[in-house]
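Enquirer: My structure is below; once you've seen it, I'll send some questions.
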Amino acid sequence: MELTKTDLSSHDKPSATPVPTDDLAVWLHEKETILGRLGVDPAHGLTTVEADKRAAKYGPNVLTEKGAESPLKILLAQLTDPLVMILIGAAVVSALLGETKSVIAIALIVIANAALGVSQEYRAEKAIAALQKMSAPNVRVRRGGREEEISPAALVPGDIVVLEAGSIVPADGRVIESVNMSVQEASLTGESLAVEKSTDALVNPATPIGDRNNMVYMGTSVTYGRGVAVITATGMHTELGHIANLIATVETEPTPLQRRMAELGKALFFLSLGIVAVGTILGLINGGAIQDTFLNGVAMAVAVVPEGLPAVVTIALALGAQRMLHRRALIRKLPAVETLGSVTTICSDKTGTLTQNLMTVKSIYFAEGRDNVIEVNLRQEGASIFRLDTDRRMFNYRPVRENVEATLLTAAALCNDAQPQFSSENVFHILGDPTEAALLAAAGVHGLLKADLEKHMPRIAEVPFSSERKRMTTIHSVDGKVPFATVEHDTNPYETSVIPVYNGAAYPSYIAFMKGAVEQMVEVCDTIRVHNDIFSMDTVHVHPEHNPNGLTYRERVLAKDAEKASEGLRVLGIAYKNLDTLPKKVDVEQVEHGFTFLGFVAMIDPPRPEVMDAVARCITAGIRPVMITGDHPATAFAIGKELQIISDANYETAKKAGHIYTGREISMMSEAQLNNAVKHASVFARVSPEHKLNIVQALQSQNHIVSMTGDGVNDAPALKKADIGVAMGITGTAVSKEASSMVILDDNFATIVAAAEEGRTIYDNVRKFIKYILGSNIGEVGVLFVTQLLRLPLPLNTLQILWMNLVTDGLPALALSVEKGEADAMQRPPYDPRESVFSRGLGWYLIRIGVVIGLLGLAVVTLVPVQRVDGTALSFLMQLVQTSQGATVAAPSAYGSALWSTMVFTTLVFVQMGHALAVRSERYPIWKIGYGTNKAVIGAIALTVGLQLGLLYVPFLQDFFGTVPLPPIDFVICVILAIVTYAFVELDKLLIVRRHKPVNGLTAQS
């Protein structure tokens, strides 16, 4: 249930018909109005009777999930797959003909493939389950005039909930009491800073969730203070419920590989029907025995179906996922492994993915207009920035440049809630907000350690930061032993006090430090410090060469602030005020006035050093990188330009060219306008997760394969909709990870690019083993079909065909799946996701290699002498010639037929080994890439040959497969024919594949 605009203007009872969450307007009304309309006294809460009524009306406060498909339904889908239906049909015919062994073998294959498919597809939807885990364990409510703890599922609209630091908010509610209460909403909004809550009504109906500071939302957590809220929405009508609905309703598209496999299945289904029908009809017309004719039909049907292909594809993707894991990418959904090879656009968050997710102090601005440029980095995981020796001096120590800098850095260290820590090895770490950590680090490398400063200037009071004031103030007592800082001087470095004193005066009893947004800071600063002098903020700068426009100090500070902000830097002003006595009341009115402005610190979250190369590799590979961030457009542009994601000279040029858009502009666009905008845009700033979903859909409407990153709960719909949803392993929520296809364990853009390269390699390898498997199958079918036309005995039985399709095809195909990437994998465009599985020459290649394998098999079928019952040996070709001339030819003996069949069987196996060796590369001869560079292929060939020998020489296998031992000369023939196949494929590459020329500067794809 949720309270709406209509509820507030109609009657005192909650609405009986819930409406979409987007219509929620509770934040626009005073708390008294909300309480009155919900019919609840905040001091007493609902009565038990009323709570029970509302529970019956609105249901439990839980997130419901869309029912997963039943295993039976998934199994039915597996069994109605076209290729499986062919096998089932073949098994039925075999059963009618009494071929029990064939029926058992085919049935086992059908069961194994179905089990594999069911286990792969039957996964409960875990994203909503992860949302449910975000609910509170128990909640304190006021009911019937007393506080009690209840299950969050029992909450109803109108319940009065008591919150304190550490509480998880159990449902959406309007804040009616707040004592310095701050709520961490990063999992919902993506904003890292906790939001200070207020009871005041807001005025803007379009206020985004992250700015509704009089609301609390299910799944967020209270980090500071305490408060009370009245519940306005429960269950699926909360903001989390809205996200759960989106997750359940987002339609996911089949991956390129799934589409290609479906296309292949249909093609083989109709090919099989056609071959079997034609072969059977011709067999009957030629006067063949009905049973033999139908057995031939079964054999051809089994030969057409690549029984091992589904398992090979699944195992190949699993092996690819393992390789990606070594590159810090965890694959959650196997088809994503191959889809990465077709990605055309990578939409990436900025913070932590393109950047280091740490603030770097770039410069300190002094009042006279000079920048002191420094860089101080902190690793996100808290790695050391310096060590201390016995006299507590830092190895990276830098002296300050003058007194005002010492005071500014002292203020930055003390007006700061980040905490330095020293490990047992005396290594310095900083815990806390990244911005405050950067300030501590900047002070630290100048010898100003917070711990030392606090010994002599402990904090005794503060005015906390608020989003309205955008500043914070701390008050410190001064004990007369203030630390000194060393000032850099050309000839004689000297020490100076870290707080300003003049003309030998005593230290003040107290000092107040302030930091915050410069615009808000100058409002409460009357003076400014220039070197050792104090001037009014409204004084015109005294040096005309530095101030040609005659600006006051206040105007100069604001202009410099705007200049730094336009460069994408985050600017924090620093000020101080000496106090002789403490104010009677420490609050904004009593404290925050009459400050002296010192200067400001400019910071930025710098790009990861490896990302620029990754972006360049993307562009070379024909993949378009797009930055999507909630940050300021100027900051986004600055990072995008540095990484060469955007090439415009300045922000204004980029805006005019349509290369950068804001979330507000996206909200005002029609679908057609957004579709046009995404064609050229490289940066999207101030973007919400809802905008992310719109951007994904717009790109997909133009046939892009989209990778989208996200870490928050409300990123889940966009992650699920994207072709490759990429969650952050470090900062990502459980919900975002469950909705994604891939999790990057180091939150690094370069990892996504590495995964895309691996995806291309995997798709290349999928093409290779499709070439290998289908080429062999076409050759087998050709042998069987022509044999049927010539009215010759069946050269292969069903079990032999199944052996070739599973073992002889399967083992080398698996080995091909681990082939290393082609040298030009990231120097050619992405594969067209709409392309057919037979595109770029693969279909014609299958015909060529199928004809070669078929001809070699038929050569053995027709030319190898077959022992006859009269003791003679005569090939079937000579038999056809003699019978056509009216001669009578003795029938083959049982041993002669078995030896002939075994020779055909073994020839086709050996020929496939030659094919497997040569197909390792689509573009390069094997002697160039090295015969031993894929030991798995060599091992698979050796193992297959060994197993084939087992079929020929192990008695019980001979009986089962209908084979006999081959003479040595026959093995020589088989090896020669394998070499012929290998030579043909290498010649084919030379004559066909390497004719392709580069396209648009990128290597053409074969």
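So for the sequence shown, the working numbering puts the first residue at 21; every next one is plus one. Beta carbons: idealized from backbone N, C-alpha and C, even for Gly.
By how many angstroms is the C-alpha of phenylalanine 789 removed from the C-alpha of serine 837?
Expert: Cα to Cα, serine 837 sits roughly 7 Å from phenylalanine 789.
Enquirer: Between which two residues does the alpha helix (DSSP H) carrying cysteine 994 extend?
Expert: 988 to 1011
Enquirer: In or out: arginine 684 buried (at least 16 other Cβ within 10 Å) or exposed?
Expert: exposed
Enquirer: Compare the Cα-Cα distances from isoleucine 772 to each of Leu350, Pro603 and Gly861 and report the closest residue.
Expert: Leu350
Enquirer: Would you mind sorting threonine 781 into buried or exposed? The rule is 16 or more other CB atoms within 10 Å of its CB.
Expert: buried
Enquirer: Along the beta strand (DSSP E) that carries threonine 252, what are the first and last residues, could you check?
Expert: 241 to 253
Enquirer: Let me confirm a value: asparagine 265 is counted as buried when at least 16 other C-beta atoms fall within 10 Å, else exposed. Which label applies?
Expert: That one is buried.
Enquirer: If you compare alpha carbons, which of Glu488, Ala432, His476 and Ile263 is closest to glycine 1100?
Expert: The requested residue 1100 is not part of the displayed model; the chain covers only 21 to 1026.
Enquirer: Comparing C-alpha positions only, which one of Phe289, Gly795, Tyr792 and Ser667 sits nearest to isoleucine 639?
Expert: Ser667
Enquirer: Taking 8 Å as the threshold (C-beta atoms), are methionine 201 and arginine 1035 in contact?
Expert: It is not possible to answer for residue 1035, since the shown part of the chain is limited to 21 through 1026.
Enquirer: Name the two residues that bound the continuous alpha helix (DSSP H) containing lysine 788.
Expert: 769 to 809
Enquirer: Under the rule that 16 or more other beta-carbon atoms within 10 Å means buried, what is isoleucine 554, buried or exposed?
Expert: Isoleucine 554 comes out exposed.
Enquirer: What are the residues that DSSP puts in a beta bridge with valine 236?
Expert: Gly193
Enquirer: What whole-angstrom Cβ distance do alanine 75 and valine 176 have, given they're in contact under 8 Å?
Expert: Rounded to whole angstroms, the Cβ separation of alanine 75 and valine 176 is 5 Å, and the two are in contact under 8 Å.
Enquirer: Considering only residues of the segment 336 to 391, which uninterrupted alpha helix (DSSP H) runs meet the minimum length of 4 residues and lie entirely inside it, listed in chain order?
Expert: If we require 4 residues or more, the alpha helix (DSSP H) runs fully inside the segment 336 to 391 come out as 355 to 359.
Enquirer: As a quick exercise: from Ser690, Ile659, Ser687 and Ala701, pick the residue whose alpha carbon is nearest that of asparagine 679.
Expert: Residue 679 is actually histidine in this sequence, not asparagine. Cα-wise, what sits closest to histidine 679 is Ala701.
Enquirer: Is it true that the CB of leucine 288 sits closer than 8 Å to the CB of asparagine 325?
Expert: Checking the sequence, you will find valine at residue 325 rather than asparagine. Yes; because the gap between Cβ atoms is below 8 Å, this pair is in contact.
Enquirer: Can you pull the DSSP bridge partners for tyrosine 20?
Expert: In this structure the chain extends from 21 to 1026, so residue 20 is not present and cannot be described.
Enquirer: Helix, strand or coil for alanine 537 per DSSP?
Expert: coil
Enquirer: Counting along the chain, where does the alpha helix (DSSP H) carrying leucine 428 start and finish?
Expert: 423 to 434
Enquirer: How far does the alpha helix (DSSP H) with glycine 281 in it extend, from its first residue to its last?
Expert: Correcting the residue type first, residue 281 is methionine in the shown sequence and not glycine. Note, methionine 281: alpha helix (DSSP H), 276 to 305.
Enquirer: What is the rounded straight-line gap between the Cα of leucine 804 and the Cα of glutamine 278?
Expert: A straight-line Cα-Cα distance of about 30 Å links leucine 804 and glutamine 278.
Enquirer: In angstroms with no decimal places, state the Cα-to-Cα distance between phenylalanine 485 and methionine 492.
Expert: Going by the C-alpha atoms only, they are around 4 Å apart.
Enquirer: From Val608, Asn598 and Phe386, pick the residue whose C-alpha is nearest to that of glutamate 488; which is it?
Expert: Val608
Enquirer: May I ask which residues mark the beginning and end of the alpha helix (DSSP H) holding glycine 966?
Expert: Where glycine 966 is concerned, the enclosing alpha helix (DSSP H) stretches over 955 to 973.
Enquirer: Hey, could you find the ends of the beta strand (DSSP E) threonine 828 is sitting in?
Expert: No beta strand (DSSP E) contains threonine 828, which DSSP labels as neither H nor E.
Enquirer: Rank Val223, Arg644, Gly467 and Thr380 by C-alpha distance to the C-alpha of threonine 365 and give the top, closest one.
Expert: Arg644
Enquirer: When we look at the beta-carbon of histidine 551 and count the other beta-carbons within 10 Å, is it buried (16 or more) or exposed?
Expert: Taking all protein chains shown into account, histidine 551 has fewer than 16 neighbouring C-beta atoms within 10 Å of its C-beta and is therefore exposed.
Enquirer: For glycine 588, which residues of its own chain have a beta-carbon under 8 Å away from its beta-carbon, when the five flanking residues on both sides are left out?
Expert: Ile624, His652, Ala654, Thr655, Ala656, Phe657, Ala658 and Ile659
Enquirer: Kindly list the residues whose CB is nearer than 6 Å to the CB of isoleucine 1012, restricted to its own chain and excluding five residues on each side of it in sequence; keep chain order.
Expert: Here the set comprises nothing.
Enquirer: Specify, as a first and last residue, the run of the beta strand (DSSP E) that phenylalanine 555 falls within.
Expert: 553 to 556
Enquirer: The beta strand (DSSP E) spanning proline 645 covers which residue range?
Expert: It spans 644 to 648 - the beta strand (DSSP E) in which proline 645 sits, taken as one unbroken run.
Enquirer: Taking C-alpha atoms, which residue in Thr243, Val880, His262 and Val250 lies nearest to isoleucine 229?
Expert: Comparing Cα-Cα distances from isoleucine 229 to each of Thr243, Val880, His262 and Val250, the minimum goes to His262.
Enquirer: In chain order, what residues of the same chain lie with their CB nearer than 7 Å to the CB of asparagine 523, ignoring the 5 residues before and after it?
Expert: Because asparagine 523 carries a pLDDT of 48, less than 50, the predicted location of this residue cannot be relied on, and no value is offered for it.
Enquirer: Check glycine 877 in the structure and name its three-state DSSP category.
Expert: Reduced to three states, the DSSP call for glycine 877 is helix.
Enquirer: Per the DSSP calculation, isoleucine 450 is bridged to which residue(s)?
Expert: Pro440
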